[in-house]
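**Student:** All residue numbers for the sequence shown refer to the numbering used here, where the first residue is 49 and numbers rise by one.
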Amino acid sequence: MVLAVNFFIGLVGVLHCLFFKLESIDFMKAKTLKRFGLSSEEGKVVKTWAFNQGFYNLFLALGLFYSILLLNTGHVSEGKAVASVILFAIVGAATVLFFSAPQKWTAALVQGLPALIGLILLSFL
């Protein structure tokens with residue numbers, strides 16, 4: 049069970065590192081703007097927001113990696129607490145995305161499903 053928990057928490061962490069790269073480093077690239085459905089002009093308007101959002105995702109990932117460290121070094125209660133709060137927030141954000149923009153259901157699924165699985169598995173530790 050610990051291996052599965054580590055896998056899903058780690059997967060969510062890696063995904064959020066990729067979201068960081070997309071939103072904070074690659075945001076103004078044509079391919080990234082297209083993915084977000086934005087023109088270059090629109091991208092310039094929301095560039096600061098995206099940059100901040102990217103770092104938010106990076107900090108979530110770092111917290112998840114820290115929870116893995118805690119879970120695997122004898123601090124199971126603390127690791128479960130840290131991971132649970134972060135995973136619950138991610139599932140919540142994916143739910144908001146789904147209901148606010150149903151056409152982006154795949155993005156909500158990519159964001160939320162691994163976090164939900166991780167949260168469920170975590171409850172068995």
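Think of the CB as a built atom: it goes at the ideal place given N, C-alpha and C, for glycine as much as any other residue.
Keep in mind the model is a prediction, meaning the values are calculated, not measured.
Please list, in chain order, all residues of the same chain as Ala109 whose beta carbon is under 6 Å from its beta carbon, the five residues on each side excluded.
**Tutor:** In the sequence shown, residue 109 corresponds to position 61, counting from 1. Same-chain partners within the cutoff: Gly61, His64 and Cys65.
**Student:** For Leu106, which three-state DSSP category applies?
**Tutor:** Residue 106 sits at position 58 when you count from the first residue of the sequence shown. In the structure shown, Leu106 sits in a helix (DSSP, three-state: H, G or I).
**Student:** Report yes or no: do three or more beta-carbon pairs, one from the stretch 98-118 and one from the stretch 127-146, lie closer than 8 Å?
**Tutor:** With a cut-off of 8 Å, the stretch 127-146 and the stretch 98-118 count as touching, because enough Cβ pairs lie within range.
**Student:** With three or more beta-carbon pairs closer than 8 Å as the criterion, would you say the stretch 92-111 touches the stretch 68-76?
**Tutor:** Yes, the stretch 92-111 is in contact with the stretch 68-76.
**Student:** Please classify Gln159 as buried or exposed, where buried requires at least 16 other C-beta atoms within 10 Å of its C-beta.
**Tutor:** Within the sequence shown, the letter at position 111 stands for residue 159. Gln159 should be labelled buried.
**Student:** Please check the pair Leu173 and Val124, which I expect to be a contact at CB under 8 Å, by giving their CB distance rounded to whole angstroms.
**Tutor:** Looking up residue 173 in the sequence shown gives position 125. Looking up residue 124 in the sequence shown gives position 76. Rounded, the Cβ-Cβ distance is 6 Å, consistent with contact.
**Student:** Here's a check: name, in chain order, each residue in its chain whose Cβ is nearer than 8 Å to the Cβ of Lys92, leaving out the five neighbours to either side.
**Tutor:** Here residue 92 is taken as the residue at index 44 of the sequence shown, counted from 1. Same-chain partners within the cutoff: Met76.
**Student:** Counting along the chain, where does the alpha helix (DSSP H) carrying Lys82 start and finish?
**Tutor:** As a first step, residue 82 is located in the sequence shown; it is residue number 34 there, counting from the start. From DSSP, the alpha helix (DSSP H) with Lys82 extends over Ala78 to Arg83.
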